[in-house]
Amino acid sequence: MKIKHLIYFRRISQVLFLLLFLFLLMETRLPQNVFLDYSQEIAGPKDIRLNYPVMFFFDMDPLILLTTVLSTHKWLAGAGWALAIIGLTLFLGRFFCSFVCPFGTLHHAIGAIHPAAKGRHAAALNEKTPAQRLKYGLLLMVLVSALFGLNLAGFMDPIALLFRSLSVSILPAVNIGVKEVFDAMATSDIKILNLISYAAEIIVSPVLGFGYPAYQTGFAIGLIVLALLFLNRVRPRFWCRVLCPMGALFGLLSFKSLLNLEKDETRCTGCNKCTAACQGAASPRPGVKWEPVECVRCFNCQHICPEDALSFRFFRRKALKYAPDMGRRAVLTGLTAGIAFPLLSRLDGHIHQASDPRLIRPPGSLTETRFLERCQRCGLCMKACPTNVISPALGEAGLAGIWTPVLNMTTGYCEYSCTLCSSVCPTGAIQPITGKEKISGPIRIGSAFVDRGRCLPWTENGACIVCEEVCPTSPKAVVFREADVAGFGAERLRLKQPYVNLRQCVGCGICENKCPVKGTPAIRVIASGESRSPKNQILLIS
261 MKIKHLIYFR RISQVLFLLL FLFLLMETRL PQNVFLDYSQ EIAGPKDIRL NYPVMFFFDM
321 DPLILLTTVL STHKWLAGAG WALAIIGLTL FLGRFFCSFV CPFGTLHHAI GAIHPAAKGR
381 HAAALNEKTP AQRLKYGLLL MVLVSALFGL NLAGFMDPIA LLFRSLSVSI LPAVNIGVKE
441 VFDAMATSDI KILNLISYAA EIIVSPVLGF GYPAYQTGFA IGLIVLALLF LNRVRPRFWC
501 RVLCPMGALF GLLSFKSLLN LEKDETRCTG CNKCTAACQG AASPRPGVKW EPVECVRCFN
561 CQHICPEDAL SFRFFRRKAL KYAPDMGRRA VLTGLTAGIA FPLLSRLDGH IHQASDPRLI
621 RPPGSLTETR FLERCQRCGL CMKACPTNVI SPALGEAGLA GIWTPVLNMT TGYCEYSCTL
681 CSSVCPTGAI QPITGKEKIS GPIRIGSAFV DRGRCLPWTE NGACIVCEEV CPTSPKAVVF
741 READVAGFGA ERLRLKQPYV NLRQCVGCGI CENKCPVKGT PAIRVIASGE SRSPKNQILL
801 IS
């Protein structure tokens, strides 16, 4: 295959995998032909499953596989894809970074559209720097933390980082902006604008969503990914060279690969075009030691060389000569951080002492310790949730649980028969469950309680039966007792005052979400009574 054909093939592969990633991202949602219905009999609720393998990129992610195996000592379902990537890396080198990785493709594209420098300055920016050792320290930190029971890979794994950033920040922000424009057009006095807004709403809403999504810390998550993309203005593919722990893992796997760069120093004229075009700062120039662990196999150097002094071929080389330059400081820092972070993050007591009452995990979640061993903070469950109840945690789960999924009943509620979050979790932090198991178990994620100081019937301000009406359990967990109460002045009122039957409550949160008392609802859900934690049970329902 000629080198120009190989370059075309790489570009096509990058575009196709990026489009596939975006397509699966959009399809991580409630199928359009499915209508949730909790009025079915407990004996046979219909399970909801997605039509596409939305976990595909996570299944082929070696870093997710490795950290989960280290933290849980258990194998992951679907690990065959990741093993195939590892096998190809041993043979071809860091091909994943240039041919498959959607995050790497974005960095590559931004660097090509707006290069940080041109000509001699571009060659200077593409020289290897000591900062490139940092990614090995981050990789060690992630691996050692996993050994100590805290899975941090999702913070910096490129697949998890990109999916989380798009699903809980970038796309929701775009959705809000588009809807506000359409709403303004719909209220306009110009009829053509009205028609355009209605037509656009029909086309756009099924893709971006129909409401105004809300995710706490969404601003910070979006700002981080935008800053990482902006760093391409400092150095091309800054993320891939300096920060990406999966790139470091591929580098360690590829320093003995069979696909290597062959240099012909007799042909080289010193034009330095190869260095200027290099995406990995791998020192492709003849006369300089090549860095196979940094090379992302983009083949730009061979393609741009006017003298044909460079060529990629399959051959064996002396591996020790090209061993990874990890740097002593990066290694020691990574090891220290990998040991210290899991231990220090437990000092807030959220895991071993008293958990935050707001820490309500999705149905099917493992106990907190096991959950943190597996959760990648990827955002798949948040994107799939049809009611927008799952958000990234901030303080609810302590330092160790930042950005892990937590249920916020003010923005949504856990649909009674829905199990989408459990069906898309790539590591089993949320165990797969069926609708029948969720309802007939029942699987409890918390318990509701009535704040009598805010409840309308209890404060004698008027009648309200919303919480009982929306309660989906059978028999209902919210019940009424009629009481004669003193109204204002000499008036006597007979009101239905709500109580919560803890034996029936599953903590779905629809009562809190629909409560007409805004701000702080008069009925709220806390984590007490959750099925996943024996320590957090309420004795009345044990």
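Taking the working numbering, the leading residue of the sequence shown gets 261, the next gets one more, and so forth.
Built from N, CA and C at the ideal position, the CB exists for glycine as well.
Taking DSSP's pairing of strands, which residues face residue i in a bridge?
{"i": "Leu570", "result": "Lys523"}
{"i": "Asp744", "result": "Arg754"}
{"i": "Ser217", "result": "No statement about residue 217 is possible, as the shown extent of the chain runs from 261 to 802 and does not include it."}
{"i": "Val464", "result": "In the DSSP output, where bridge partners are listed per residue, Val464 has none listed."}
{"i": "Val738", "result": "Val760"}
{"i": "Ser358", "result": "For Ser358, which the question treats as bridged, DSSP gives no partner whatsoever."}
{"i": "Ile690", "result": "Ser625"}
Identify, in the order they occur along the chain, each residue of the same chain with its Cβ nearer than 6 Å to the Cβ of residue i, setting aside the five sequence neighbours on each side.
{"i": "Arg577", "result": "Asn520"}
{"i": "Leu654", "result": "Gln476, Thr477"}
{"i": "Gln300", "result": "Residue placement at Gln300 cannot be trusted, given a pLDDT of 44 that sits under 50; what the coordinates show is reported in the next sentence. No residues qualify anywhere along the chain."}
{"i": "Ser457", "result": "Phe442, Met445, Ala446"}
{"i": "Ala660", "result": "Leu410, Ser605, Leu632"}
{"i": "Thr535", "result": "Ala383, Asn386, Arg545"}
{"i": "Gln757", "result": "Pro717, Trp718, Arg741, Ala743"}
Taking the CB atoms as reference points, tell me whether residue i and residue j lie closer together than 7 Å.
{"i": "Asn411", "j": "Thr327", "result": "yes"}
{"i": "Leu398", "j": "Asn435", "result": "no"}
{"i": "Ile564", "j": "Lys533", "result": "yes"}
{"i": "Val404", "j": "Ile599", "result": "yes"}
{"i": "Leu667", "j": "Ile620", "result": "yes"}
{"i": "Thr671", "j": "Ala474", "result": "yes"}
{"i": "Met506", "j": "Leu278", "result": "no"}
{"i": "Leu680", "j": "Ile308", "result": "yes"}
{"i": "Leu407", "j": "Leu330", "result": "yes"}
{"i": "Val502", "j": "Gln613", "result": "no"}
{"i": "Ile373", "j": "Phe559", "result": "no"}
{"i": "Cys638", "j": "Phe490", "result": "no"}
{"i": "Lys812", "j": "Pro496", "result": "The requested residue 812 does not occur in the structure, where the chain is confined to residues 261 to 802."}
{"i": "Trp499", "j": "Leu488", "result": "yes"}
{"i": "Cys555", "j": "Ala537", "result": "no"}
{"i": "Tyr396", "j": "Ala569", "result": "no"}
{"i": "Val730", "j": "Ile786", "result": "no"}
{"i": "Cys775", "j": "Tyr673", "result": "no"}
{"i": "Gly540", "j": "His610", "result": "no"}
{"i": "Pro390", "j": "Cys504", "result": "no"}
Apart from the five residues just before and just after residue i, which ones in its own chain have a Cβ nearer than 8 Å to its Cβ?
{"i": "Arg784", "result": "Met669, Ala708, Phe709, Asp711, Glu772"}
{"i": "Thr288", "result": "Leu310, Val314, Ser427, Leu640, Lys643, Ala644, Val684"}
{"i": "Ile302", "result": "Caution applies to Ile302, whose pLDDT of 37 falls short of 50 and renders its modelled position unreliable; the value that the coordinates give is listed next. Lys696, Ile699, Ser700, Ser734."}
{"i": "Tyr472", "result": "Asn435, Ile436, Lys439"}
{"i": "Phe351", "result": "Ser517, Leu518, Leu519"}
Within a Cβ cutoff of 7 Å, which residues of the same chain sit near residue i, ignoring the five residues on either side of it in sequence?
{"i": "Arg332", "result": "Reading the sequence as shown, one finds Thr at residue 332 and not Arg. So the qualifying residues of the chain are Glu633, Arg634."}
{"i": "Ala689", "result": "Ser625, Leu626, Phe631, Arg634, Cys635"}
{"i": "Ser543", "result": "Lys388, Lys549, Trp550, Glu551"}
{"i": "Tyr312", "result": "Leu284, Glu287"}
{"i": "Gln797", "result": "Gly789"}
{"i": "Ala342", "result": "Asp319, Met320, Asp321, Pro322, Leu325"}
Span of the beta strand (DSSP E) holding residue i?
{"i": "Ala708", "result": "707-710"}
{"i": "Val666", "result": "665-667"}
{"i": "Pro652", "result": "650-652"}
{"i": "Ile786", "result": "783-786"}
Could you pull the start and end residues of the alpha helix (DSSP H) that residue i belongs to?
{"i": "Ile419", "result": "418-425"}
{"i": "Lys334", "result": "Per DSSP, Lys334 belongs to no alpha helix (DSSP H) and is neither H nor E."}
{"i": "Gln274", "result": "263-286"}
{"i": "Gln562", "result": "560-564"}
{"i": "His367", "result": "362-373"}
{"i": "Gly695", "result": "695-700"}
{"i": "Leu604", "result": "588-604"}
{"i": "Asn311", "result": "Neither: Asn311 is in no alpha helix (DSSP H) and is coded neither H nor E."}
{"i": "Cys641", "result": "640-644"}
{"i": "Ile231", "result": "The chain is shown from 261 up to 802; residue 231 falls before or after that span and cannot be answered."}
{"i": "Cys727", "result": "726-730"}
{"i": "Gly511", "result": "505-514"}
{"i": "Asp319", "result": "316-319"}
{"i": "Ala541", "result": "Run containing Ala541: none; DSSP gives neither H nor E here."}
{"i": "Val404", "result": "394-407"}
Q) Counting pairs of beta carbons, one from the segment 785-795 and one from the segment 687-707, are three or more of them closer than 8 Å? A) Contact holds: three or more Cβ-Cβ distances are below 8 Å.
Q) Can you find at least 3 beta carbon pairs, one from the segment 632-652 and one from the segment 439-454, that sit closer than 8 Å? A) Here the segment 632-652 makes no contact with the segment 439-454; the two share fewer than three CB pairs at distances below 8 Å.
Q: Indicate whether the contact test is met: 3 or more Cβ pairs, each with one atom in the segment 454-464 and one in the segment 508-522, closer than 8 Å.
A: Counting Cβ pairs under 8 Å, fewer than three are found: no touch.
Q.
Does the segment 721-734 come into contact with the segment 350-363, if we say contact requires no fewer than three beta-carbon pairs (one atom in each stretch) closer than 8 Å?
A. No, the segment 721-734 is not in contact with the segment 350-363.
Q. Should the segment 267-281 be regarded as contacting the segment 362-377, the criterion being three or more beta carbon pairs within less than 8 Å?
A. Yes, since at least three Cβ pairs between the segment 267-281 and the segment 362-377 fall closer than 8 Å, the two stretches touch.
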